[in-house]
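Heads up, the thing below is written out as structure tokens.
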Amino acid sequence: MTDQTLSCFSSYHNHTTWSDGTASIEAMLVAAQEAGLGEIGISDHYVLTPYADEDLDWAMPRAGLDDYVAEMLKAAANVDITVRLGVEVDYFPETFEAAIERVGQYPLDYLIGGVHFANDFPIDCHASFWGPLDQAQVDGVYRLYWERVLELVETGACDIMAHLDLPKKFAFPPSVRFDEAAARAIDAIARVGMVAEINTNGWNKPCEASYPDAALLRRCYQAGVPVVISADAHETGAVGQYFQRAARLLQDVGYGETVRFSERKRSSVPFGVSGASSGA
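So for the sequence shown, the working numbering puts the first residue at 15; every next one is plus one.
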């Protein structure tokens, strides 16, 4: 049954079989319509990695943007929900400018920037990559992650910063705090006019917390950073997961609105909080 409480929300961070999702674009759009969301966006991974020339199995083909956009536009015509076109671009210092140039040729409504690698270390691929690390190496991943986030933000190329504090995913905590590094990144997000997401998929992971957590969300609020709630869905059943839970957390921090995007421009949308948590 349609959950009318989701109608004030937009879910922009979602993946399909074009990258690491399990459902087609049209299936994800239909799922969002049936869930009662106000808007749905697809943002499959686009990656130019300096460490490999071949296409990656978790990202769209390097030459696939034309077909990706064409399928999006075709699928959008078959559903009764507002559809937004997005891409999630992975940040590598060596190739980011070229990636932005490529995706910038298309009529995107928003562009998500994400850091999934610390140099060639895959931050969120699998816990088995973290297991062999000693504590100094774990700390080094966190340190480099925040450096890369700051670099990405300062390019001013993206609209939404994806999953802040992603390295906590597999519950390998650092031995030192990175509050100052996180604060620098958040202040930069505010300065360049980006939006931060509260990514609800973290509640499904070993860390059992949203990205970012409440403390960093509070820092975002204090810095004047707008937010959007993101499911980071990779399957149809997750397009609106934990949105009411996220809204309550945002409300506790001080937020009363999220944002929507169209043609790379944003507008504010107040949200209400019901007693039931969608997807919990």
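Beta carbons: idealized from backbone N, C-alpha and C, even for Gly.
{"query": "In the DSSP output, what is Y124 paired with across the bridge?", "result": "G100"}
{"query": "Return the CA-CA distance between Y60 and A113, expressed in angstroms with no decimal places.", "result": "8 Å"}
{"query": "So for M74, helix, strand or coil by DSSP?", "result": "coil"}
{"query": "Three or more C-beta pairs under 8 Å: does that hold for the segment 100 to 113 against the segment 50 to 57?", "result": "yes"}
{"query": "Classify V267 as helix, strand or coil using the three-state DSSP reduction.", "result": "helix"}
{"query": "Beta-carbon within less than 6 Å of E168's beta-carbon, same chain only, minus the 5 sequence neighbours each way: which residues are those?", "result": "A202"}
{"query": "Alpha helix (DSSP H) containing S142: first to last residue?", "result": "A141 to W144"}
{"query": "Could you pull out every residue in the same chain whose Cβ sits closer than 7 Å to the Cβ of V287, ignoring the five residues on either side in sequence?", "result": "Summary for V287: the model assigns pLDDT 47, below 50, so the residue's position carries little reliability, and this model does not support an answer."}
{"query": "Just to confirm the assignment, what range does the beta strand (DSSP E) spanning V61 have?", "result": "Per DSSP, V61 belongs to no beta strand (DSSP E) and is neither H nor E."}
{"query": "Between the beta-carbon of V93 and the beta-carbon of V129, is there less than 9 Å?", "result": "no"}
{"query": "Heavy atom of the ligand MG less than 8 Å from the Cβ of A49, yes or no?", "result": "Among the ligands in the structure shown, none appear at all, so the ligand MG cannot be discussed."}
{"query": "DSSP on T36, reduced to helix/strand/coil?", "result": "coil"}
{"query": "Return helix, strand or coil for I137, following the three-state DSSP convention.", "result": "coil"}
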